[in-house]
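Trainee: This is the structure, below, for whatever I ask next.
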Amino acid sequence: MNCKVEEYIIDEFLQTKIKVYTIGEGKPKILITGGIHGDETTGIYVAFKLKEYLSKRSVNGTVNIIPISNPLAFRSRLRASPVDGQDLNRVFPGNPSGSHTAKIAAKIWEIATDADYILDLHCCGQTCYPYILAIHEEYDHVREYVLKIPLPYVVESSGLRGQLFIEASHQGKPAAIIEMTGGQGIYNPETAEMLFKGVEGLLVNLNILEGEKSSLKPKLFGKLKPIIIESEGFFKPKIKPGVEVGENSVIGEIEGVGEVKAKIEGLICRVRPPSYVFKGESIASIAVKIS
Ligand SMILES: [Zn+2]
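The working numbering applies: residue 2 is where the sequence shown begins, and numbers increase by one.
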């Protein structure tokens, strides 16, 4: 299918341009964004792969893809804008006459308001297991949407305002983030493959792409909580992220001090690599089990 590209100039002087790729036409419309945080490269990589792949497929409806949503942050390999220091995913719906970052947000928001579904691709660090992030506990329309993404886990977002998916969810739009392994300019090829399949599966479940529907439905979890340690020393992890644990499960140990336990039931999303840790620091993130 034909892939059209449109370029929006955000700032003439700084040469900030947002490139939007469009495959197909009509409804339903899905907007897929990558690189809202400039250094979260796995999402950018997958967004480009999707654009290539969908250009060769027959699409029912419209897929809008913005692989690099924050071009100058991407060029600088930074999470936030090198121009004004703002985090793009804190300023939605943006302001067309505001700061550089607010102007980018306003343009993306304009495209988002025209979409029926929003999927925003991010990275959660080098030691994290991929998960979908959404306010599924708050809204039925969001829960129904994320259950159509054939990836293993969904975590409830903190709901911090100014994020594209949060503002869109409050507007009644099905919206979510997918957090993947990667970040700081590094992409993770295995996670990218998993994510690509997940997005393709979502497009099939939304009838935008033809194909066999996956039977995989993600499992829903509550918000992320840090596992804080009360002593210091050399921490050694004993489990990998992406596993479900019980209250007494051992996460790792601090040499000469003892084991560190989960304390709550849930899904381990991130574990700190072997490192020297100080009292009060987080050694892992756990998404709380919900009944
Ligand atoms: Zn991010």
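Note that CB positions come from ideal geometry on N, CA and C, so glycine has one too.
Quick check: is any heavy atom of ligand 1 less than 6 Å from the C-beta of His38?
Mentor: As a working mapping, residue 38 is identified with position 37 in the sequence shown. Yes; taking the cut-off as 6 Å, the Cβ of His38 has a heavy atom of ligand 1 nearer than that.
Trainee: Name the two residues that bound the continuous beta strand (DSSP E) containing Gly35.
Mentor: The residue you call residue 35 lines up with position 34 of the sequence shown. Its beta strand (DSSP E) spans residues 30-35.
Trainee: So, using beta-carbon positions, are Val143 and Ser170 closer together than 7 Å?
Mentor: Here the question's residue 143 lines up with position 142 in the sequence shown. Here the question's residue 170 lines up with position 169 in the sequence shown. Yes, the pair counts as a contact, with Cβ atoms nearer than the cut-off.
Trainee: What number of angstroms, rounded off, separates the C-alpha of Glu168 from the C-alpha of Glu157?
Mentor: Mapped onto the sequence shown, residue 168 falls at position 167. Mapped onto the sequence shown, residue 157 falls at position 156. So the two alpha carbons sit approximately 15 Å from each other.
Trainee: Among the candidates Phe166, Arg80, Gly95, whose CA atom is the shortest distance from the CA of Asp117?
Mentor: If you number the sequence shown from 1, residue 117 lands on position 116. Nearest C-alpha to Asp117: Phe166.
Trainee: Measuring only the C-alpha atoms, how far is Glu7 from Asp141?
Mentor: Stepping through the sequence shown from its first residue, residue 7 is reached at position 6. Stepping through the sequence shown from its first residue, residue 141 is reached at position 140. Glu7 and Asp141: Cα-Cα distance of roughly 34 Å.
Trainee: At what residues does the beta strand (DSSP E) containing Ser286 begin and finish?
Mentor: The residue you call residue 286 lines up with position 285 of the sequence shown. Residues 283-290.
Trainee: Taking all protein chains shown into account, decide if Gly281 is buried (16 or more other Cβ within 10 angstroms of its Cβ) or exposed.
Mentor: Residue 281 sits at position 280 when you count from the first residue of the sequence shown. Exposed is the call here.
Trainee: With 16 other CB atoms within 10 Å as the buried threshold, where does Ile10 fall?
Mentor: The residue you call residue 10 lines up with position 9 of the sequence shown. Its Cβ having fewer than 16 others within 10 Å, Ile10 is exposed.
Trainee: Can you grab the Cα-Cα spacing for the pair Lys237 / Tyr188, in whole Å?
Mentor: For the purposes of this step, residue 237 is identified with residue 236 of the sequence shown, where counting begins at 1. For the purposes of this step, residue 188 is identified with residue 187 of the sequence shown, where counting begins at 1. When rounded, the distance between both Cα atoms is 25 Å.
Trainee: For a minimum of 3 consecutive residues, which ranges assigned as the beta strand (DSSP E) are wholly contained in the region 157-212?
Mentor: Listed in chain order, the complete beta strand (DSSP E) runs (minimum 3 residues) inside the region 157-212 are 176-181.
Trainee: Straight-line CA distance for Asp40 to Gly247?
Mentor: For the purposes of this step, residue 40 is identified with residue 39 of the sequence shown, where counting begins at 1. For the purposes of this step, residue 247 is identified with residue 246 of the sequence shown, where counting begins at 1. In a straight line, the C-alpha of Asp40 is about 34 Å away from that of Gly247.
Trainee: Whole beta strand (DSSP E) runs in the region 68-140 with 3 or more residues, listed along the chain?
Mentor: Here the runs fully enclosed are 118-124, 132-135.
Trainee: Rounded to a whole number of angstroms, what is the C-alpha to C-alpha distance between Glu212 and Gln172?
Mentor: On the sequence shown, residue 212 is found 211 positions in, with the first residue counted as 1. On the sequence shown, residue 172 is found 171 positions in, with the first residue counted as 1. This sequence places Gly at residue 212; Glu is not what is there. Going by the C-alpha atoms only, they are around 30 Å apart.
Trainee: Within 10 Å of its beta-carbon, does Val244 have 16 or more other beta-carbons around it, so buried, or fewer, so exposed?
Mentor: For the purposes of this step, residue 244 is taken as the residue at position 243 of the sequence shown. Exposed is the call here.
Trainee: For Asn208, tell me which candidate among Cys4, Lys28, Glu13 has the shortest Cα-Cα distance.
Mentor: One-based indexing of the sequence shown puts residue 208 at position 207. Looking at the Cα atoms, Lys28 is the closest of the given residues.
Trainee: Within 10 Å of its beta-carbon, does Ser250 have 16 or more other beta-carbons around it, so buried, or fewer, so exposed?
Mentor: As a working note, residue 250 is residue 249 in the sequence shown. Flag for Ser250 reads buried.
Trainee: Grab me the residues of Asn206's own chain with a C-beta within less than 7 Å of its C-beta, minus the 5 sequence neighbours each way, in chain order.
Mentor: Position 205 of the sequence shown, counted from the start, is the residue given in the question as residue 206. The answer, listed in chain order, is Lys149, Lys214.
Trainee: Are the beta-carbon atoms of Val261 and Ile230 separated by less than 7 Å?
Mentor: As a working mapping, residue 261 is identified with position 260 in the sequence shown. As a working mapping, residue 230 is identified with position 229 in the sequence shown. For Val261 and Ile230, yes; Cβs fall inside 7 Å.
Trainee: Quick one: give me the first and last residue of the alpha helix (DSSP H) that Val244 is part of.
Mentor: Counted from its first residue, the sequence shown places residue 244 at position 243. Unbroken run through Val244: none, as it is neither H nor E.
Trainee: Assuming Leu134 and Ala177 are in contact, meaning their beta carbons sit under 8 Å apart, how far apart are those beta carbons, in whole angstroms?
Mentor: The residue given as residue 134 occupies position 133 in the sequence shown. The residue given as residue 177 occupies position 176 in the sequence shown. Yes, they are in contact, since the Cβ atoms of Leu134 and Ala177 sit about 6 Å apart, within 8 Å.
Trainee: For Phe279, I'd like the list of residues in its chain whose CB is within less than 7 Å of its CB, leaving aside the five on either flank, ordered along the chain.
Mentor: Walking along the sequence shown from the start, residue 279 turns up at place 278. Once the five neighbours on either side are set aside, the close Cβ partners of Phe279 are Glu233.
Trainee: Please state the DSSP three-state secondary structure of Gly223.
Mentor: Position 222 of the sequence shown, counted from the start, is the residue given in the question as residue 223. Reduced to three states, the DSSP call for Gly223 is strand.
Trainee: What did DSSP end up calling Leu268 once you bin it into helix, strand or coil?
Mentor: To locate residue 268, count along the sequence shown from 1; it is residue 267. Three-state result, Leu268: strand.
Trainee: In or out: Gly257 buried (at least 16 other Cβ within 10 Å) or exposed?
Mentor: The count along the sequence shown starts at 1 and reaches residue 257 at position 256. Exposed, by the Cβ-count rule.
Trainee: Would you decide whether Ser216 is buried or exposed? Buried here means 16 or more other CB atoms lie within 10 Å of its CB.
Mentor: Working through the sequence shown from its first residue, we reach residue 216 at position 215. Per the 10 Å Cβ criterion, exposed.
Trainee: Just to confirm, does Glu168 get its C-beta within under 6 Å of one of the non-hydrogen atoms of ligand 1?
Mentor: Residue mapping note: residue 168 aligns to position 167 of the sequence shown, counting from 1. No, the beta carbon of Glu168 sits no closer than 6 Å to any heavy atom of ligand 1.
Trainee: Looking at C-alpha atoms only, which residue of Ile291, Ala288, Ile228 is the closest neighbour of Gly253?
Mentor: Counted from its first residue, the sequence shown places residue 253 at position 252. Here the closest residue by C-alpha is Ile228.
Trainee: Contact between the region 45-52 and the region 78-95 is defined here as three or more beta-carbon pairs at a separation below 8 Å; is this criterion met?
Mentor: Judged by Cβ distances under 8 Å, the region 45-52 makes no contact with the region 78-95, as fewer than three pairs qualify.
Trainee: To the nearest angstrom, how far is the alpha carbon of Ser283 from that of Asn65?
Mentor: Taking the sequence shown and counting its residues from 1, one reaches residue 283 at position 282. Taking the sequence shown and counting its residues from 1, one reaches residue 65 at position 64. In a straight line, the C-alpha of Ser283 is about 38 Å away from that of Asn65.
Trainee: If I measure Cβ to Cβ from Ala107 and keep anything under 8 Å in the same chain, skipping five residues before and after, which residues do I get?
Mentor: Mapped onto the sequence shown, residue 107 falls at position 106. Pro94, Gly95, Asn96, Pro97, Gly99, listed in sequence order.
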